[in-house]
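Protein chains: 2
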Amino acid sequence: MFDPATLRFDAAGLLPAIAQDAESGEVLMLAWMNAESVARTLETGRVTYWSRSRRAFWVKGETSGHVQELVEMRLDCDRDCLLVLVRQTGPACHTGRRSCFYTAIRDGAETEIMAPIA
Amino acid sequence: MFDPATLRFDAAGLLPAIAQDAESGEVLMLAWMNAESVARTLETGRVTYWSRSRRAFWVKGETSGHVQELVEMRLDCDRDCLLVLVRQTGPACHTGRRSCFYTAIRDGAETEIMAPIA
């Protein structure tokens, strides 16, 4: 059985988790998980990060309703990063955009490429 | 003009950069960049990370030939993470697999879902 403790966490006990839309392939966001976040995500099927600012578990969408349902969790070759394939309800970004990566560098300038959907 | 110094780096002066295949949408890897890596990537069009283990710039594919040609760089809402859309030559992973995320958690166990291509 997979044991989250076998992942490689940083000095703060965290690793980056990339959320990707399981259907479209769009990269939605990056947030952080500790071992317990990983375990809770797998157990509940609700993607659960660790909020570094609030120092608390963060069940994505718990207050906003913009939940991430886990489709599959993957780990990388170094075991220090996760890719989380999700079914995203509504926007993933707190700004109301589908993805947090809505700013592109084009012709050397920041360009907004995505409008809020909610 | 975009100034890499306006990004939010961690205490080590780094931020995570997600490399995504610009055509297929496959997430290939996650590595780290400092401000100079970001600048070099934009200037040269060759994705250039900072190797935390070697403490040196890491022009992806410089020795292996498995280069990443920059298609577009995007930043997230918090300005502390990058999404780099690339044209990947050969495997992105040092194990010879297209992506570093070749291990999935399925039925509670680690499952290899991708074979080496080179």
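Those protein sequences? They're chains A and B, same order as listed.
Residue 109 in the UniProt record's numbering is what sits at position 109 of the first sequence, and the numbering runs on without skipping anything.
Residue 33 in the UniProt record's numbering is what sits at position 33 of the second sequence, and the numbering runs on without skipping anything.
Just so it is clear, CB atoms sit at the ideal spot from N, CA and C, and this is done for glycine as well.
(request) List the DSSP bridge partners of B:Ser-53. (result) For B:Ser-53, which the question treats as bridged, DSSP gives no partner whatsoever.
(request) Establish whether the CB of residue 144 of chain B and some CB of chain A are separated by less than 8 Å. (result) Nothing can be reported for residue 144 of chain B, as the shown portion of chain B is limited to 1 through 118.
(request) Helix, strand or coil for A:Pro-91, going by three-state DSSP, please let me know. (result) Coil, per DSSP.
(message) Using only the alpha-carbon positions, how far apart do B:Ala-109 and A:Leu-82 sit?
(response) B:Ala-109 and A:Leu-82 have their C-alpha atoms some 15 Å from each other.
(request) Taking all protein chains shown into account, decide if B:Met-33 is buried (16 or more other Cβ within 10 angstroms of its Cβ) or exposed. (result) Counting every other CB atom within 10 Å of its CB across the protein chains shown gives B:Met-33 a total of 16 or more, marking it as buried.
(message) Considering just the uninterrupted stretch of the alpha helix (DSSP H) at B:Leu-42, what are its terminal residues?
(response) For B:Leu-42, the uninterrupted alpha helix (DSSP H) segment begins and ends at 35-44.
(request) Report, in whole angstroms, the separation of the C-beta atoms of A:Gly-70 and A:Thr-41, which I expect to be a contact under 8 Å. (result) Before going further, note that residue 70 of chain A is Leu rather than Gly in the sequence given. Indeed they touch by this definition, with Cβ atoms about 6 Å apart.
(message) Which residues does DSSP list as the beta-bridge partners of A:Met-73?
(response) A:Val-84, B:Ile-105, per the DSSP bridge assignment.
(message) By the 9 Å beta-carbon criterion, what residues does the region 61-77 of chain A contribute toward chain B?
(response) Those would be Glu-72, Met-73, Arg-74, Leu-75, Asp-76, Cys-77, in chain order.
(request) Could you tell me which residues DSSP puts in a beta bridge with A:Val-27? (result) Note: A:Val-27 sits in a beta bridge opposite A:Gln-20.
(request) Find the residues of chain A that neighbour B:Glu-110, judging by a C-beta separation of less than 8 Å, and give them in chain order. (result) The contacting residues are Phe-2, Leu-75.
(request) Output yes if chain B places a C-beta closer than 8 Å to the C-beta of A:Gln-88; else output no. (result) By this cut-off, A:Gln-88 is not an interface position.
(request) Mind checking the region 5-18 of chain A against chain B and listing, in chain order, the residues whose C-beta falls within less than 7 Å of any C-beta there? (result) Contact annotation: in the region 5-18 of chain A, residues whose CB is within less than 7 Å of a CB in chain B are Pro-16, Ile-18.
(message) According to DSSP, B:Leu-15 sits in a beta bridge with which residue or residues?
(response) Per DSSP, B:Met-33.
(message) Helix, strand or coil for A:Thr-63? Go by DSSP, reduced to three states.
(response) For A:Thr-63, the three-state secondary structure derived from DSSP is coil.
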